[in-house]
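Here's the structure, in structure tokens; my notes come after.
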Amino acid sequence: MADQTPDPDSFTAPTMLTKSMRRDVYRAVDPTNPELSAKGKVVIITGVTGGIGLAVAKAWNTAGASGIVLVGRSGSSLEKVASSLGPNTLVAPAKVSSAAEATSAIEAAVKKFGKVDVLVNSAGRMNQDSKIGEIDPDAWWEDFEVNLRGFYNISHAFIKATGGNGTIINLTSLGAQLLFPGLSSYSGSKLAALKLAEGIDLELPNIRVFSVHPGIVEVADGRGMDVPFFAPFAKDKPLLTGGLTLYLSTPKAEFLRGGFVSVNWDVEELEAHRDEIIEKKLIKLSFLNGELQVGGYPWTGEM
């Protein structure tokens with residue numbers, strides 16, 4: 033009888049821009065890599081009590097960030113995270129879906145550290161049963177309140193506080209292009225967030241903005257979004273996203289500004305093809321121009 037075990041890469045392989053597929057931390061995005069030092073930087077991280085947000089916080093702590101601001105709905109949960117990090121940590125309870133609370137969180141960060149340099153928006157919501165015509169309209173819209181409005185609220189406050197400078201990294205999803213029953217609100221909100229990021233890139237030239245797909249992440253200790261259907265394919269380590277956010281905060285990532293980047297793509301391979309990526313806008317307009325496919329994009333001059 034044929035092996036019925038699902039191929040863990042069957043969802044990831046068709047979404048590759050690079051030939052190399054990464055599902056765990058490697059040197060170029062390793063938080064212990066001195067080239068990714070966060071010394072002198074103050075980072076604000078939302079959605080910290082989720083699996084990915086927690087990993088992002090740990091990555092920045094490992095990289096020696098001068099200030100780490102933890103944003104989430106539960107103050108007690110944030111305090112637990114803070115206790116596991118270094119002393120340069122601030123807990124700022126807030127719902128990003130509230131403009132007032134998002135602004136208060138940013139203001140608290142500036143008051144304590146004197147500045148903010150990087151925003152990593154990891155706050156997200158997924159309604160797994162948003163079947164059109166069945167789910168209540170208000171319930172269907174809740175994904176947009178967090179994934180789109182929340183992203184705008186926290187970005188707006190960050191931009192005001194920095195005078196239109198700094199780095200914004202929004203965790204989005206290839207779910208933006210996924211057609212799957214019950215996920216219409218999630219996919220729609222993530223697609224809209226991609227376009228919002230492109231708008232930030234267009235209108236605010238001194239803001240470095242990136243949209244990051246964190247992969248299909250392993251769920252551990254009850255943290256993160258658990259979608260049973262995708263469990264056999266959830267092999268991406270949360271710290272891979274944490275390391276990528278560090279990389280994106282460095283000058284090396286300039287050629288990726290305004291674009292969509294997957295944690296599964298090898299950043300050194302991307303660097304080797306930076307001119308082609310820029311010229312052909314391969315990571316702009318969401319994921320449309322890059323011709324994502326099994327085996328990666330057919331780079332010019334390669335067969």
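So our numbering is basically just the index in the sequence shown, starting at one, shifted up by 32.
Glycine included, every Cβ here is placed at the ideal spot set by N, Cα and C.
On a predicted model such as this, the values are computed, not experimentally measured, just so you know.
Counting C-beta pairs with one atom in each stretch, the stretch 282 to 292 and the stretch 225 to 244 have three or more that are closer than 8 angstroms, which means they touch. Leaving aside the five residues that flank G247 on each side, the residues in its chain whose CB is nearer than 6 angstroms to its CB run, in chain order, D268, V295, N296. Linking I191 to S106 through their CA atoms gives a straight-line distance of about 25 angstroms.
Between the stretch 122 to 140 and the stretch 95 to 114, the count of C-beta pairs closer than 8 angstroms reaches three or more; the two stretches touch. Counting along the chain, V113 sits inside the alpha helix (DSSP H) bounded by residues 107 to 115. The alpha carbon of L68 has as its nearest neighbour, out of A285, P260, V142, the alpha carbon of A285. Note that the C-beta distance between V251 and A266 is below 8 angstroms. Taking a cut-off of 8 angstroms for Cβ pairs, the stretch 192 to 199 and the stretch 108 to 119 do not touch, as fewer than three such pairs fall below it. Annotated as proximal: A225 and N202, with beta-carbon spacing under 8 angstroms.
If you draw a straight line from the Cα of S98 to the Cα of H305, it comes to about 33 angstroms.
C-alpha of A131 to C-alpha of G72: approximately 28 angstroms in a straight line. Judged by DSSP in its simplified three-state form, G198 adopts strand. For G104, the enclosing beta strand (DSSP E) begins and ends at 99 to 104. With a contact defined as Cβ atoms closer than 8 angstroms, I200 and V241 qualify at about 5 angstroms.
Counting the other CB atoms within 10 Å of its CB gives S42 a total below 16, which places it among the exposed residues. For a cut-off of 8 angstroms, the C-beta gap from G207 to S154 is around 15 angstroms, too long to register as a contact. Counting only the Cα atoms, T50 lies some 9 angstroms from Q325. Among the bridge pairs identified by DSSP, W297 is matched with M53. Nearest Cα to A60 within the set K313, D175, E301, G328: E301. CA-CA distance, V178 to L278, rounds to 24 angstroms. According to the DSSP secondary-structure assignment, P119 is paired through a beta bridge with no residue.
P38 sits in coil when the DSSP states are folded into three classes, being neither helix nor strand.
Rounded to the nearest whole angstrom, the CA to CA distance from S216 to P283 is 36 angstroms.
Distance from the CA of V88 to the CA of D168, rounded to the nearest whole angstrom, comes to 34 angstroms.
K90 is positioned such that its CB atom lies no closer than 8 angstroms to that of L122. Note on the stretch 221 to 282: whole beta strand (DSSP E) runs with a minimum of 3 residues are 239 to 245, in chain order.
Taking D56 as reference, the option from W331, G274, Y329, D149 with the minimal CA-CA separation is G274.
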